[in-house]
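Just so you know, we're using the UniProt record's numbering here: the sequence shown kicks off at 1 and counts up by one.
Input: a single structure, listed below in structure tokens.
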Amino acid sequence: MADRDDAGGAGAGSGPGGAAPSPPAPTGDPPSVPVAPGARREEAEQDAESPVSEPEPGASADADMELLRALLSRTLGLGGDRAEPVLDELSLAGVGRFIQSDRCKNIVCMVGAGISTSAGIPDFRSPGTGLYSNLQSYNLPYPEAIFEIGFFKKHPEPFFALARELYPGQFKPTVCHYFMRLLQDKGLLLRCYTQNIDTLERVAGLDPELLVEAHGTFFTSHCLRASCRQRYSLAWMRERIFSSLVPKCEKCQGLVKPDIVFFGENLPSRFFALLESDFGKVDLLLIMGTSLQVQPFASLISRVPTNTPRLLINKEKTGQSDPLMSLMGFGGMDFDSDKAYRDVAWLGDCDSGCLALAELLGWKVLPPGHKLWGSPAPPNPCGTPLNTPVSPSGGAGGAGAEGTRGHRRQGGGEGWGNPPKAPGGRGQGQGEPPKEPGGRGKSSE
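This is the structure we're talking about:
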């Protein structure tokens with residue numbers, strides 16, 4: 001499943017374990033700030049709820065406007081001189097040249113449901129086709145109830161019926177997933193932060209150590225009783241879901257739930273444990289298929305250093321500055337103003353964007369349907385770069401010992417053996433032909 005809030009890269013956000021807006025408030029209630037499951041709404045809205053003092057009688061409109069300008073200038077960076085550009089061109093080609101330069105060593109990916117729609121997994125918010133538009137048969141009080149922990153504890157049947165339709169293992173990774181695998185194999189991927197719960201990042205072979213499943217995963221499940229918390233495997237949960245049984249704990253008969261984040265639950269501790277370190281040293285932020293509407297995930301774009309370029313691959317521009325969110329410390333992206341200096345938007349489906357970037361880099365990513373996509377486990381469809389010289393030993397690469405970059409880590413996901421080692425070398429002369437995995441390896445998680 002993709003994440004609940006992303007509309008297939010079309011401006012909606014995440015999947016089961018992702019985050020959608022809360023149910024509509026009764027008429028007259030103030031609008032709520034979008035918050036991901038697990039985030040404390042009262043904290044996210046505390047600034048919005050803070051009382052604002054009335055202006056002094058007789059205060060001029062000009063003075064009020066000047067105060068507003070100063071506030072926006074400070075919080076949005078709208079004042080002062082234009083920042084020095086960090087790319088030689090604010091375009092996909094400019095990003096490609098940056099990746100090939102010595103300045104780009106650590107790439108962080110932020111992804112949502114838009115990277116999985118081409119795998120056949122519907123997003124949650126697209127009108128007419130999203131899951132929230134097609135849940136009438138479950139007799140829900142409102143669509144989001146299917147992912148609310150309180151509703152689930154009383155009525156788990158609708159969720160498990162939906163899970164049977166969208167269960168991981170029925171879909172194959174997309175070009176976008178394998179592009180991230182290619183970044184990993186070239187030693188460039190620092191971390192992938194995903195809102196999706198479909199586990200396709202694991203199936204594509206991303207090392208679990210390089211993966212942060214911000215909205216949880218189907219990979220494991222736990223008993224909901226605090227006194228028990230018995231853990232269960234993906235296979236255990238799958239057997240019960242496809243037997244149309246509500247999963248009950250074998251130890252205490254409590255209700256068992258996949259470890260995806262529902263509304264009212266905390267985000268995984270791993271999300272908070274890694275983001276300070278990761279976003280402090282990232283050289284390029286690659287954002288794909290997410291609406292950037294749901295906090296705290298959306299706020300990650302403002303955690304990177306000010307000289308870090310940010311590339312959005314999505315069906316529409318998103319993540320741009322919003323005055324309310326900016327006043328709360330969540331600055332947005334700037335694609336079009338005369339002060340734009342680091343943000344690039346490539347508009348279209350995520351697979352096409354990744355293929356376009358790979359072509360600029362001289363990398364080859366095999367598309368879905370290629371003969372190498374086999375059963376039971378696909379071999380690495382990240383092939384040899386397009387212009388790869390052949391070394392005397394017969395392998396791809398030829399960068400030599402100096403300046404080579406080995407794997408940052410090895411590891412396999414569900415359905416994969418360990419990924420092949422890239423001999424190193426930057427730019428177009430790196431990588432090696434895919435190797436058949438030795439069997440369906442188990443994840444370390």
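C-beta atoms are modelled at their ideal positions from N, C-alpha and C, and glycine is treated no differently.
Three-state secondary structure assigned by DSSP to residue i
i	result
A226	coil
I121	coil
N380	Caution applies to N380, whose pLDDT of 41 falls short of 50 and renders its modelled position unreliable; the value that the coordinates give is listed next. Correct three-state label for N380: coil.
G280	helix
E157	helix
L188	coil
R310	strand
Y138	helix
I149	helix
A345	strand
G96	helix
E165	helix
E316	coil
I197	coil
S221	strand
G216	strand
L285	strand
R231	strand
Through-space distance from residue j to residue i, alpha-carbon basis
i	j	result
T306	E84	10 Å
E359	L182	13 Å
G415	P173	Its pLDDT being 28, under 50, G415 is placed unreliably in this model, and the coordinates cannot settle the point.
V344	M288	12 Å
Y341	S227	53 Å
F147	G114	19 Å
S101	K364	19 Å
R240	S116	25 Å
G339	C176	Looking at the sequence shown, residue 339 is not Gly but Lys. If I take the Cα positions, the gap works out to 30 Å.
F279	L355	26 Å
R225	R231	11 Å
L211	Y193	6 Å
D334	P158	41 Å
Selected residue, minimal CA-CA separation from residue i, among the options
i	options	result
V294	H215, P268 and G280	H215
L311	K364, C350, V246 and K339	C350
K281	R103, L355 and L90	R103
E165	G120, C192 and N196	G120
N196	D259, G150 and L284	D259
K248	G96, S337, S116 and C223	C223
T220	L245, A163 and K257	K257
S299	D88, L90 and M110	M110
F242	L162, L355, V86 and D336	L162
L234	D198, E209, R225 and N266	D198
G362	F179, G112, S118 and L87	F179
P268	L284, F297, T308 and I107	F297
F262	G150, N314 and G96	G150
Residue span of the alpha helix (DSSP H) that contains residue i, given as start and end
i	result
W236	L234 to I241
Y178	V175 to D185
Endpoints, the beta strand (DSSP E) within which residue i is located
i	result
E359	Note, E359: premise wrong, no beta strand (DSSP E); alpha helix (DSSP H) at C350 to L361.
L200	That residue, L200, is in no beta strand (DSSP E); its alpha helix (DSSP H) goes L200 to V203.
residue 447	Nothing can be reported for residue 447, as the shown portion of the chain is limited to 1 through 445.
M110	I107 to V111
residue 448	Residue coverage of the chain in this structure runs from 1 to 445, which leaves residue 448 outside it and unanswerable.
Below-7 Å beta-carbon distance, residue i vs any chain B residue
i	result
R229	In the displayed structure, chain B is absent; only one protein chain is listed.
Handout entry: Segment contact, 8 Å Cβ cut-off, at least three pairs: the region 138 to 153 with the region 240 to 253
Key = In short, these stretches do not touch, since the Cβ pair count stays below three.
Handout entry: Inter-stretch contact (C-beta, 8 Å, three-pair minimum) for the region 197 to 210 and the region 150 to 162
Key = No: fewer than three Cβ pairs fall under 8 Å.
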